[in-house]
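One structure is given here, and the rest of the page talks about it.
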Amino acid sequence: MARDVRLLTEPFNPGQFIGPFTNAHPGLGGVCTFVGEVRADDDAVEALELIHYEKMTLAGMEDLADRAIARFDLMGLLVIHRSGVMRVGEPIVLVSAAAKHRREAIDAVDFTMDHLKSDSWFWKREKRADGWHWIEPRERDHTDLSRWG
Amino acid sequence: MARDVRLLTEPFNPGQFIGPFTNAHPGLGGVCTFVGEVRADDDAVEALELIHYEKMTLAGMEDLADRAIARFDLMGLLVIHRSGVMRVGEPIVLVSAAAKHRREAIDAVDFTMDHLKSDSWFWKREKRADGWHWIEPRERDHTDLSRWG
Amino acid sequence: MAVTLVFLGKLADLVGTDQRVVQAPLDWQGLLDELQGPIGEAVQQDRTRVAVNGALLADKTALSAVSGDEVALLPPVSGG
Amino acid sequence: MAVTLVFLGKLADLVGTDQRVVQAPLDWQGLLDELQGPIGEAVQQDRTRVAVNGALLADKTALSAVSGDEVALLPPVSGG
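Protein chains in written order, with the working numbering: chain A, 589 to 737; chain B, 589 to 737; chain C, 2 to 81; chain D, 2 to 81.
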């Protein structure tokens with residue numbers, strides 16, 4: 589089982605990670621990958637900032653990856669999360685799971701994304717014309733988490 | 589909504605489709621992609637062949653894509669399926685969904701894969717040392733389909 | 002012109018070819034007369050479907066193909 | 002040496018800095034004495050968590066930091 593967990597403070601290109609990750613697991617049945625980007629659902633948002641805490645954020649991501657690995661039958665798991673200031677269209681997160689069977693790969697990505705989005709040590713703020721605004725947790729995030737018991 | 593459905597008879601590189609598909613949907617929130625390959629779970633299998641029917645297979649894939657689009661809130665859907673003889677490690681199928689929200693993208697890929705695997709017009713056989721053997725449908729495929737009501 | 006029969010998947014193995022041209026018109030009884038032995042039995046199984054020009058028949062015994070039609074005999078799919 | 006307080010997310014805005022060095026040792030009452038006004042109220046809220054050297058406290062009122070420790074004040078996360 590190859591586990592690759594990274595917290596990046598600079599922009600990244602998902603393709604540069606996905607290809608090598610897939611190639612590193614010969615014999616796999618399938619790879620599921622989710623890439624999340626800064627969404628353009630509000631023209632007023634000029635930038636997004638994610639703040640992480642050096643002593644906890646990466647360790648928490650590694651712990652989450654271990655839980656996904658314990659729960660699903662995987663051949664490999666790749667978890668990448670950005671920190672810092674990002675603009676619309678920039679990748680924030682990439683989760684890729686390789687497995688013998690597709691259900692395991694898809695579910696592992698779903699599980700990992702739900703927990704990354706609502707149960708990892710990131711704080712988010714948006715820059716608008718009048719300055720930066722902190723984003724509060726969404727109720728939906730807690731609903732998502734409760735799916736996994 | 590961009591819908592791109594292809595039935596390919598030659599090997600393909602998933603990366604050549606995923607990058608352009610993602611880039612074609614600026615403002616998206618996330619892209620979920622599943623790539624299925626010929627699995628190496630049995631050393632005795634030398635090759636796999638998928639047979640399609642010209643008058644029905646691609647049309648069925650297009651119809652499936654339309655159903656996924658009607659069911660999930662997507663910005664784009666890419667469905668690629670191989671036909672012909674393949675060896676271990678070659679991609680068979682690629683489904684990629686772009687959406688504002690990750691749950692829609694992940695569920696659309698899950699739905700489309702379940703239906704492609706068990707409800708599309710492909711017939712499969714494996715080549716072993718003693719020749720070609722037809723593969724019968726798996727019970728699991730029907731269980732997968734029943735998840736979608 | 003005539004009717005073209007197309008045999009998919011393992012049905013092609015049973016007849017040793019993936020296409021056969023037969024006389025038009027062709028109904029269900031005519032098809033069974035044409036397909037003797039193992040292939041005839043396979044075509045009669047519930048899980049074998051029949052399509053005419055790419056359109057699946059809800060009731061294959063209602064087959065009514067005319068000259069120029071393509072009749073496909075479809076065993077259960079085995080997935081991608 | 003002393004104890005370093007680290008303010009995450011909007012807590013940093015409330016104090017105008019993301020770090021402050023205070024006298025060791027530091028317990029919960031000492032922390033509240035140190036943090037007056039809005040930041041003090043925020044820290045007392047149930048949803049604000051406290052970690053020492055990266056380890057989350059199950060009960061933040063049991064805080065007992067010594068010289069060299071880093072005490073992080075963590076508001077609710079807002080997701081990636």
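Even glycine gets a Cβ: it sits at the ideal position worked out from N, Cα and C. A quick note: this is a predicted structure, and the numbers were derived from the prediction, not measured.
Interface residues of chain B facing residue i [CB-CB closer than 8 Å]
i	result
Ala25 (chain C)	Those within 8 Å of Ala25 (chain C) in chain B number zero; the least Cβ separation is about 18 Å.
Met701 (chain A)	Arg690, Ile694
Thr731 (chain A)	Simply none; closest approach about 10 Å.
Contacting residues, own chain, Cβ-Cβ under 8 Å from residue i (five flanking each side not counted)
i	result
Leu652 (chain A)	Val667, Thr700, His703, Leu704, Asp707, Ser708
Glu692 (chain A)	Phe660, Asp661, Leu662, Ala685
Leu733 (chain B)	Asp702, His703, Ser706, Asp707
Gly41 (chain D)	Leu33
Asp654 (chain A)	Arg591
Trp29 (chain D)	Lys61, Thr62, Ala63, Leu64
Option nearest residue i by Cα separation, candidates the options
i	options	result
Pro679 (chain A)	B:Val619, B:Met589, B:Arg594, B:Pro602	B:Val619
Gly31 (chain D)	D:Ala63, D:Leu12, D:Pro76, D:Val78	D:Ala63
Ile723 (chain A)	A:Glu637, A:Ile694, A:Leu682, A:Thr731	A:Glu637
Leu616 (chain B)	B:Trp736, B:Met674, B:Asp661	B:Asp661
Gly624 (chain A)	B:Glu634, B:Met644, B:Ile694, B:Leu646	B:Ile694
Leu36 (chain C)	C:Leu58, C:Leu6, C:Ser79, C:Val78	C:Leu6
Asn611 (chain B)	A:His640, A:Pro602, A:Leu733	A:Pro602
Asp14 (chain D)	D:Pro39, D:Asp34, D:Thr49, D:Ala59	D:Pro39
Ala3 (chain C)	C:Ala43, C:Gln46, C:Ser65	C:Ser65
Trp736 (chain B)	B:Ala590, B:Ile606, B:Ala696, B:Lys712	B:Ala696
Gln604 (chain B)	B:His640, B:Glu727, B:Leu682	B:Leu682
Proximal chain A residues relative to residue i, where beta-carbon distance stays under 7 Å
i	result
Leu9 (chain D)	Ile639, Tyr641, Trp711
Asp698 (chain B)	Ile694
Ala52 (chain D)	Met644
Interface residues of chain D facing residue i [CB-CB closer than 9 Å]
i	result
Trp722 (chain A)	Gly10, Lys11, Asp14, Pro76, Ser79
Ala647 (chain A)	Gly55
Ser734 (chain A)	Correct list: empty, because the minimum Cβ distance to chain D is about 15 Å.
Nonlocal neighbours in the same chain, by C-beta distance under 6 Å from residue i, ignoring five residues either side
i	result
His613 (chain B)	Met663, Gly664, Ala686
Gly10 (chain C)	Pro76
Lys1 (chain D)	The question about residue 1 (chain D) has no answer here: the residues shown for chain D are numbered 2 through 81.
Arg670 (chain A)	Leu596, Ile680
Phe8 (chain D)	Val16, Asp19, Leu74
Trp711 (chain B)	Ile639
Pro599 (chain A)	Glu678
Arg675 (chain A)	Ala635
Residues that residue i contacts on chain A, provided the C-beta gap is smaller than 8 Å
i	result
Gly607 (chain B)	Gly603
Glu42 (chain D)	By Cβ distance, chain A contributes nothing, its closest Cβ being about 16 Å from Glu42 (chain D), past 8 Å.
Thr597 (chain B)	Under the 8 Å cutoff, chain A gives no residues; its nearest Cβ is about 21 Å from Thr597 (chain B).
Amino acids of chain D, ordered along the chain, whose beta-carbon sits closer than 8 Å to that of residue i
i	result
Pro725 (chain A)	Pro77, Val78, Ser79, Gly80
Per-residue contacts from residue i into chain A (C-beta, under 9 Å)
i	result
Arg627 (chain B)	Gly615, Leu616, Gly617, Gly618, Lys688, His689
Ala73 (chain D)	Tyr641, Lys643, Met644
Val676 (chain B)	Pro614, Gly615
Nearest-angstrom beta carbon gap, residue j and residue i [assumed within contact, 8 Å]
i	j	result
Val673 (chain A)	Ala635 (chain A)	5 Å
Thr621 (chain B)	Ser684 (chain B)	4 Å
Val593 (chain B)	Glu650 (chain B)	5 Å
Ser79 (chain D)	Pro725 (chain A)	5 Å
Arg591 (chain A)	Ile657 (chain A)	6 Å
Neighbourhood of residue i by C-beta, 7 Å cutoff - its chain only, sequence neighbours within 5 removed
i	result
Gly648 (chain B)	Ser708, Trp709
His730 (chain B)	Ser706
Arg627 (chain A)	none
Thr49 (chain C)	Ala43, Leu74, Leu75, Pro76
His721 (chain B)	Arg713, Glu714
Ile606 (chain B)	Thr621, Ser684
Leu57 (chain D)	Arg50
Residue i: contacting residues in chain B (beta-carbon distance under 7 Å)
i	result
Gly624 (chain A)	Gly617, Gly618, Arg690
Residue i CB to nearest heavy atom of the ligand PLP below 7 Å
i	result
Glu724 (chain A)	With respect to small molecules bound, the structure shown includes none, and the ligand PLP cannot be examined in it.
- Query: Is the region 54–72 of chain C in contact with the region 715–727 of chain B, if contact means three or more CB pairs nearer than 8 Å?
  - Reply: no
- Would you say the region 679–689 of chain B touches the region 51–59 of chain C, given that touching needs at least three Cβ pairs under 8 Å? no
- Query: Do the region 22–31 of chain D and the region 17–30 of chain C touch if we need at least three Cβ pairs shorter than 8 Å?
  - Reply: no
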